[in-house]
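Q: The structure's right below; bear with me while I get my questions together.
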Amino acid sequence: MKHAIRHILSALVILAAILSGAGCDYVLNERTFFKTMTNMLAFPSSYMGSEIELDCFVYELTDVESGKEYTLGVRKCSSGVGCTCGNDTIIGFILNYDGAIPAARNQSEDTNDKAWIHIAGKLESDTPETIAIAAYTNGVPNGSTEYIRMFRFAVSSLSEIEDYSSLAYYVTD
Numbered sequence: 001m002k003h004a005i006r007h008i009l010s011a012l013v014i015l016a017a018i019l020s021g022a023g024c025d026y027v028l029n030e031r032t033f034f035k036t037m038t039n040m041l042a043f044p045s046s047y048m049g050s051e052i053e054l055d056c057f058v059y060e061l062t063d064v065e066s067g068k069e070y071t072l073g074v075r076k077c078s079s080g081v082g083c084t085c086g087n088d089t090i091i092g093f094i095l096n097y098d099g100a101i102p103a104a105r106n107q108s109e110d111t112n113d114k115a116w117i118h119i120a121g122k123l124e125s126d127t128p129e130t131i132a133i134a135a136y137t138n139g140v141p142n143g144s145t146e147y148i149r150m151f152r153f154a155v156s157s158l159s160e161i162e163d164y165s166s167l168a169y170y171v172t173d
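Counting from 1, one number per residue, gives the positions in the sequence shown under full-length UniProt numbering.
And the structure:
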């Protein structure tokens, strides 16, 4: 009887792991980027341990309160996800990579001509970091500070994307 109960409990544990998405891999693309990132901010523990792949552009950002500099892999979105501004913002990851990351290009312009990269890796933590950024009104700094939240991403592979014509720097639902 004990042996049968152990088998049933083992089967239930395996089933629970499968149903919870533990160990699933994620490939973010134009259709899935925004929804996956918003879901990740809401349920980060569901993504821990999972391999994540995505195409993004390099973005360099300095926290306006601490002066700390960040290299990010992002897309732009319209819903203010990850910040309190409710306006266009960036959504993505703080990159942790031992190799060279291409320098950001045209990051303040609404153009697809960016430094695009393909990355794969995993979240380093299920707690996002908060970065203080200057708030803007109609493209002009308004003297306020907003906050965005991003996860640290342990990059296991990175490659530059030469032909980014099929990629959209601006993603929404």
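Note that beta-carbon positions come from the ideal geometry of N, C-alpha and C, so glycine has one too.
(1) Does the Cβ of K114 have 16 or more other Cβ atoms within 10 Å, making it buried, or fewer, making it exposed?
(2) So the candidates are G67, M37 and A103; which of them puts its Cα closest to the Cα of C77?
(3) So, for V13: in the same chain, excluding its five sequence neighbours on each side, which residues have a beta-carbon less than 8 Å away from its beta-carbon?
(4) Decide if G73 is buried, meaning its Cβ has at least 16 other Cβ atoms within 10 Å, or exposed.
(5) Put L167 into one of helix, strand or coil per three-state DSSP.
(6) Rounded to a whole number of angstroms, what is the C-alpha to C-alpha distance between Y26 and P44?
(7) Return helix, strand or coil for P141, following the three-state DSSP convention.
(8) Under three-state DSSP, which class holds K122?
(9) Does the Cβ of R75 have 16 or more other Cβ atoms within 10 Å, making it buried, or fewer, making it exposed?
(10) Contact between the stretch 27–34 and the stretch 58–67 is defined here as three or more beta-carbon pairs at a separation below 8 Å; is this criterion met?
(11) Contact defined as beta carbons within less than 8 Å: I believe R149 pairs with E129. What is the distance between those atoms, to the nearest angstrom?
(12) To which residues does DSSP link I161 through a beta bridge?
(13) Mind listing, in chain order, the continuous beta strand (DSSP E) runs of no fewer than 3 residues lying wholly within the UniProt domain "DUF1980" (27–127)?
A: On the basis of the data shown:
(1) buried
(2) M37
(3) In this predicted model, V13 has a pLDDT of only 43, less than 50, meaning its place in the structure is not dependable enough to derive any value.
(4) buried
(5) DSSP places L167 in coil when its eight states are reduced to three.
(6) 13 Å
(7) For P141, the secondary structure class from DSSP, reduced to helix, strand or coil, is strand.
(8) Residue state, collapsed to three classes: strand.
(9) buried
(10) no
(11) Separation of the CB atoms of R149 and E129 is rounded to 7 Å, and the pair is thereby assigned contact status at 8 Å.
(12) Answer by DSSP bridge pairing: none, since I161 is not bridged.
(13) 52–62, 69–77, 89–96 and 116–123
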